[in-house]
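Student:
Residue numbers (full-length UniProt numbering): 1 to 340.
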């Protein structure tokens, strides 16, 4: 914590506090202790109240420093910033509460793991009060080769940016926007990026009327997909084995159906498992129904729902619809396959 109250109930910042004085939590009013050291900036911590509704002990140096750096970025642009402002009605203490031109918004700089439920609860609280909010991620949530649920829950979507995430690098003192996020089976996540040290530049860029189209896979990428798919089929483990057994009952071999599953382009970053899993199950149902797609629409949506990450900040229904329409288009090209 970087903010506390003194004996008179007045707010005081950690860097202004003096050791030996008494300080209290603005949320639960429990006594706080003042901490400082070589690796963390001066901050407050609860002495013995881990049940505080706004409690966030164990803050990393990255989180403590990042809050102050982000606050400074906003202040130099003329915005009023309150660090760790306690919103009584929500029992929440966002990292930064910002006032600008009679509008309020909050920034949450998320460096530690956070459950989907807690993240949804905080976000819904801001929505109920009509407060705009932005989750900014730290290094722990940095995109690597793939997307995890811990990262996926912070994904948002805009028509001009597609799916996107916002990061802040404490070391570089830079805001980083990763947009046009896409995924494809067996390949690293794809994205475009924009980096700036100016918050207003970030907002301006996010409003640009960009026109994005799905990134086409190169022949090399498609070869990598096929090679890895065939390898999975050879080792025949887990979900792949399950799918192989399903197709074996129909007298068919899964690996011979790769032309249905291997993508031509990247697609929306929704899925926590390979897309070929839901596609294979859907294809099997269509095969058994002799190509009658209309009867299986709800199944196609349900299979995607079961395969998807939880993305609390995005309405996924229209995306699932688009993915199903695209896959049905592929199936219609191979209509001969369903003449059984």
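Each residue gets a CB set at the ideal place from its N, CA and C atoms; glycine is no exception.
(1) From what residue to what residue does the alpha helix (DSSP H) around residue 124 run?
(2) Please state whether DSSP places residue 299 in a helix, a strand or coil.
(3) Based on the DSSP secondary-structure assignment, which residues constitute the bridge partners of residue 45?
(4) To the nearest angstrom, how far is the alpha carbon of residue 269 from that of residue 5?
(5) Count the other C-beta atoms from every protein chain shown that fall within 10 angstroms of the C-beta of residue 248, then say buried if there are 16 or more, exposed otherwise.
(6) May I ask which residues mark the beginning and end of the beta strand (DSSP E) holding residue 191?
(7) In chain order, what residues of the same chain lie with their CB nearer than 8 Å to the CB of residue 340, ignoring the 5 residues before and after it?
(8) Starting from the Cα of residue 198, find the closest Cα among 213, 222 and 172 and give me that residue.
(9) Return helix, strand or coil for residue 286, following the three-state DSSP convention.
(10) Given residue 30, which residues of its chain have a CB within under 8 Å of its CB, disregarding the five upstream and five downstream residues?
(11) Extract the residue ranges of the beta strand (DSSP E) inside the stretch 139-176, only unbroken runs of 3 or more that lie entirely within it.
(12) So what's residue 265 in DSSP terms, helix, strand or just coil?
(13) Quick one, are the C-beta atoms of residue 146 and residue 76 less than 7 Å apart?
(14) From the DSSP output, in three-state form, read off residue 201 for me.
(15) Starting from the C-beta of residue 112, find all residues in its chain whose C-beta is less than 6 Å away, skip the five residues before and the five after it, and write them out in chain order.
(16) Quick check on residue 152 - is its C-beta less than 7 Å from some C-beta in chain C?
(17) What does the alpha-carbon distance come out to for the pair residue 309 and residue 220?
(18) Across the stretch 95-108 and the stretch 219-235, are there enough close Cβ pairs to call them in contact, namely three or more that are closer than 8 Å?
(19) Within this structure, are the beta carbons of residue 282 and residue 313 separated by less than 7 Å?
(20) Let me know the secondary structure DSSP gives residue 211 once reduced to three states.
(21) Helix, strand or coil for residue 108, going by three-state DSSP, please let me know.
(22) Less than 8 Å between the CB atoms is what I'm expecting for residue 165 and residue 181, so what's the real figure, rounded?
(23) Nearest-angstrom Cα distance between residue 357 and residue 121?
(24) Quick test of your reading: residue 152 and residue 263, contact by CB under 8 Å. State the CB separation rounded to the nearest angstrom.
(25) Note down, one range per segment and in chain order, each beta strand (DSSP E) of at least 3 residues found wholly within the stretch 228-279.
Tutor: The structure says:
(1) Note, residue 124: alpha helix (DSSP H), 116-128.
(2) Correct three-state label for residue 299: helix.
(3) According to DSSP, residue 45 shares a beta bridge with 33.
(4) Spanning the two alpha carbons is a distance of roughly 44 Å.
(5) Residue environment: residue 248 is assigned as exposed (fewer than 16 neighbouring CB atoms within 10 Å of its CB, all protein chains considered).
(6) Residue range 190-196 is occupied by the beta strand (DSSP E) that includes residue 191.
(7) A caution first: residue 340 carries a pLDDT of 49, below 50, which makes its placement in the model unreliable, though a value can still be read off. The beta carbon of residue 340 sits closer than 8 Å to the beta carbons of 287 and 290 from its chain, once the five residues preceding and following it are set aside; these are given in chain order.
(8) Each of 213, 222 and 172 was checked against the Cα of residue 198, and the nearest Cα belongs to 172.
(9) The answer is helix: DSSP assigns residue 286 an H, G or I state.
(10) Contacts found: 24, 46, 47, 48, 49 and 52.
(11) Counting whole runs of 3 or more residues, the stretch 139-176 contains the beta strand (DSSP E) stretches 156-158 and 162-169.
(12) Taken through DSSP and simplified to helix, strand or coil, residue 265 comes out as strand.
(13) Their beta carbons are not under 7 Å apart, which means residue 146 does not touch residue 76 by this criterion.
(14) It is helical.
(15) If the five residues before and after residue 112 are omitted, its C-beta is found closer than 6 Å to no C-beta atom of its own chain.
(16) In the structure shown, chain C does not exist; there is a single protein chain.
(17) CA-to-CA, the gap between residue 309 and residue 220 works out to about 28 Å.
(18) The stretch 219-235 and the stretch 95-108 do not touch, with fewer than three beta-carbon pairs separated by less than 8 Å.
(19) Cβ atoms of residue 282 and residue 313: not closer than 7 Å.
(20) In this structure, residue 211 counts as coil in the three-state DSSP scheme.
(21) In this structure, residue 108 counts as strand in the three-state DSSP scheme.
(22) Distance from residue 165 to residue 181 at the Cβ level is roughly 7 Å; contact confirmed, criterion being Cβ atoms closer than 8 Å.
(23) Outside the shown range of the chain, which is 1 to 340, sits residue 357, and nothing can be said about it.
(24) Between residue 152 and residue 263, the beta carbon gap of about 19 Å keeps them out of contact (Cβ cut-off 8 Å).
(25) Considered as a whole, the stretch 228-279 harbours no complete run of any beta strand (DSSP E) with no fewer than 3 residues.
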